[in-house]
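There are 2 protein chains.
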Amino acid sequence: MARMSHTPPPAHFQPVPLDKAYRLINHGPTVLVSSAHAGEVNVMSAAWACALDFSPPKVTVVIDKATRTRALVEGSGAFALCVPCAALAALTVGVGTDSAATVPDKLARHAVTTFTAPGHTLPLVDGCVAWLVCRLVPEPHNQAAYDLFIGEVQAAWADDRVFREGRWHFDGAPDTLRTLHYVAGGQFYVTGASLQVG
Amino acid sequence: MARMSHTPPPAHFQPVPLDKAYRLINHGPTVLVSSAHAGEVNVMSAAWACALDFSPPKVTVVIDKATRTRALVEGSGAFALCVPCAALAALTVGVGTDSAATVPDKLARHAVTTFTAPGHTLPLVDGCVAWLVCRLVPEPHNQAAYDLFIGEVQAAWADDRVFREGRWHFDGAPDTLRTLHYVAGGQFYVTGASLQVG
Numbered sequence: 018m019a020r021m022s023h024t025p026p027p028a029h030f031q032p033v034p035l036d037k038a039y040r041l042i043n044h045g046p047t048v049l050v051s052s053a054h055a056g057e058v059n060v061m062s063a064a065w066a067c068a069l070d071f072s073p074p075k076v077t078v079v080i081d082k083a084t085r086t087r088a089l090v091e092g093s094g095a096f097a098l099c100v101p102c103a104a105l106a107a108l109t110v111g112v113g114t115d116s117a118a119t120v121p122d123k124l125a126r127h128a129v130t131t132f133t134a135p136g137h138t139l140p141l142v143d144g145c146v147a148w149l150v151c152r153l154v155p156e157p158h159n160q161a162a163y164d165l166f167i168g169e170v171q172a173a174w175a176d177d178r179v180f181r182e183g184r185w186h187f188d189g190a191p192d193t194l195r196t197l198h199y200v201a202g203g204q205f206y207v208t209g210a211s212l213q214v215g
Numbered sequence: 018m019a020r021m022s023h024t025p026p027p028a029h030f031q032p033v034p035l036d037k038a039y040r041l042i043n044h045g046p047t048v049l050v051s052s053a054h055a056g057e058v059n060v061m062s063a064a065w066a067c068a069l070d071f072s073p074p075k076v077t078v079v080i081d082k083a084t085r086t087r088a089l090v091e092g093s094g095a096f097a098l099c100v101p102c103a104a105l106a107a108l109t110v111g112v113g114t115d116s117a118a119t120v121p122d123k124l125a126r127h128a129v130t131t132f133t134a135p136g137h138t139l140p141l142v143d144g145c146v147a148w149l150v151c152r153l154v155p156e157p158h159n160q161a162a163y164d165l166f167i168g169e170v171q172a173a174w175a176d177d178r179v180f181r182e183g184r185w186h187f188d189g190a191p192d193t194l195r196t197l198h199y200v201a202g203g204q205f206y207v208t209g210a211s212l213q214v215g
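First to last, the sequence lines map onto chains A and B.
Note that the numbering used here has the first sequence beginning at 18, numbered continuously upward.
Note that the numbering used here has the second sequence beginning at 18, numbered continuously upward.
Following this line, the structure appears as structure tokens:
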């Protein structure tokens with residue numbers, strides 16, 4: 018079972034204003050859901066996460082009943098969405114395939130390390146390019162009927178090599194920092210070229 | 018006010034098996050929501066659409082109270098998600114900016130044309146690369162509190178130049194057929210390179 022650590026944030030970890038937090042996931046990237054409860058830490062991947070509101074910013078994420086993450090989210094009333102980049106593609110598939118329920122060392126096995134942001138206790142995944150700490154907005158019917166969880170974003174950060182001044186800037190950074198869009202069977206599409214209308 | 022037409026489907030319009038329908042939006046593209054009620058047709062864009070279940074396939078989409086689409090969806094109990102490609106970027110911004118409530122000719126203004134699939138009556142947007150016809154799963158609390166709508170996918174199709182045998186194949190097709198991921202202020206990222214893990 019993975020335990021809490023309190024490693025400091027990585028370089029390039031910078032706060033994102035709450036009114037811009039939706040932009041971190043507006044383009045539909047696959048995310049990692051990190052959570053902690055009673056000293057236990059877990060991370061799973063989720064392609065089914067989405068913005069739900071601007072202000073206060075809210076998100077939805079689908080968390081299956083079979084996952085260990087679900088117990089931690091329901092137990093703690095909190096989760097974080099961490100946005101992985103191409104450098105973390107294998108890790109993203111790994112933590113989406115193995116369950117901590119049956120593979121207790123899944124985080125170590127997939128080389129997942131976490132840190133905490135100043136003033137926050139949720140584990141955040143190293144090597145990601147954006148992080149949104151969320152308070153669970155309890156909706157028992159949605160959780161039971163659809164595995165659908167709603168979170169209100171409490172704080173957000175991004176790697177300032179690729180997100181600054183309220184916008185993504187993938188074009189001037191290494192391609193390994195581009196975000197990921199999962200399809201199926203281990204296949205992703207990397208976030209591509211910028212296209213400006215108007 | 019836009020009225021129903023019954024134009025036949027475009028070339029390359031091919032059915033997608035229901036168990037693969039989630040893959041049409043799993044990578045997080047921005048979509049167009051098309052709807053019709055009492056002879057009125059509308060189309061709006063939505064970056065906040067997401068898969069919710071595999072079987073039967075379900076989706077979520079956020080439809081603001083201010084939109085005309087909302088009245089049509091609530092009136093008809095149905096909507097379609099149409100997945101636009103880069104060639105439709107300006108149209109996608111246009112139908113997301115203008116409301117039919119205040120711009121009655123918005124579809125004509127943004128050169129939106131629709132067709133219907135055999136055996137279905139919902140308008141589908143020409144030039145898109147995937148289409149999912151959905152039955153509204155009424156959830157009055159979600160609709161009122163979060164503008165969140167759930168649909169069960171009844172049928173799906175894709176442009177077989179970019180989706181066939183259950184997978185996207187952007188790499189062998191013109192870049193104008195790549196799907197779009199909206200950020201803000203008229204800026205999209207186009208779906209980029211394929212990345213296979215394992």
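Glycine included, C-beta positions come from ideal geometry on N, C-alpha and C.
Keep in mind the model is a prediction, meaning the values are calculated, not measured.
- Among the residues of the segment 181 to 196 of chain A, those with a Cβ less than 9 Å away from any Cβ of chain B are GLY183, ARG184, TRP185, PHE187, ASP192, ARG195 and THR196, in the order of the chain.
- Of all residues in the segment 68 to 89 of chain B, only ALA68, LEU69, ASP70, LYS75, THR77 and VAL79 come within less than 8 Å of chain A when Cβ atoms are compared, listed by chain position.
- Looking at the DSSP output, B:ARG184 sits in a beta bridge with B:ARG181.
- Between B:ARG40 and chain A, the shortest Cβ-Cβ separation is below 8 Å.
- Between B:THR208 and B:PRO46, the C-beta spacing is below 8 Å.
- Within the same chain, HIS198 come within 6 Å of A:TYR206 by CB-CB distance, once the 5 residues on both sides are set aside.
- Residues of chain B with a Cβ closer than 8 Å to the Cβ of A:ALA173 do not exist; the shortest Cβ-Cβ separation is about 15 Å.
- Taking B:ASP164 as reference, the option from A:THR24, A:VAL76, A:ASP143 and A:PRO121 with the minimal CA-CA separation is A:VAL76.
- In the structure shown, B:GLY45 falls within a coil segment according to DSSP collapsed to helix, strand and coil.
- Neighbours of B:HIS44 in chain A, taken as residues whose beta carbon is under 7 Å from its own, are GLY45, HIS198, TYR199, VAL200 and TYR206 in chain order.
- A straight line joining the alpha-carbon of A:ASP70 with that of A:TYR39 spans about 8 Å.
- Contact annotation for A:SER51 against chain B: no contact, minimum CB-CB distance about 19 Å [criterion: below 7 Å].
- Contact between A:CYS99 and A:TRP148 is confirmed by a C-beta separation of about 5 Å, below the 8 Å threshold.
- Contact of A:GLN213 with chain B is assigned, a C-beta pair being separated by under 8 Å.
- Checking the DSSP bridge columns, you'll see A:GLY92 has no partner listed.
- Taking B:LYS37 as reference, the option from B:THR131, B:SER72, B:VAL214 and B:VAL129 with the minimal CA-CA separation is B:SER72.
- For the pair A:SER52 and B:VAL78, the Cα-to-Cα distance works out to about 25 Å.
- Below the 7 Å Cβ cutoff, chain A contributes no neighbours of B:LEU149, its closest Cβ being approximately 15 Å away.
- Between A:THR133 and A:LEU141, the C-beta gap is smaller than 8 Å, which places the two residues in contact.
- Under the Cβ criterion of 8 Å, B:LEU165 is counted among the residues facing chain A.
- Just so you know, the alpha carbons of B:GLU91 and B:SER116 end up roughly 17 Å apart.
- Excluding residues up to 5 positions away in sequence, VAL150 lie with their Cβ nearer than 6 Å to the Cβ of B:HIS137 in the same chain.
- Interface criterion not met: the Cβ of A:ALA161 is under 8 Å from no Cβ in chain B.
- Looking at the DSSP output, A:ARG152 shares a beta bridge with A:ALA95 and A:GLU169.
- A straight-line Cα-Cα distance of about 44 Å links A:LEU35 and B:ALA28.
- At a cut-off of 8 Å between C-beta atoms, B:ALA64 counts as an interface residue with respect to chain A.
- Pairing A:GLY111 with A:CYS145, the inter-Cα distance amounts to about 15 Å.
- Residues TYR39, ILE42, ASN43 and VAL76 of the same chain have their beta carbon placed closer than 7 Å to that of A:ALA68, with the five preceding and five following residues left out of the count.
- Within the segment 105 to 137 of chain A, those residues whose Cβ lies closer than 7 Å to any Cβ of chain B are, in chain order, ALA106, ALA107 and VAL110.
- Excluding sequence positions up to five before and after B:ASP143, its CB lies within less than 7 Å of the CB of PRO27, THR130, THR131 and PHE132, all in the same chain and listed in chain order.
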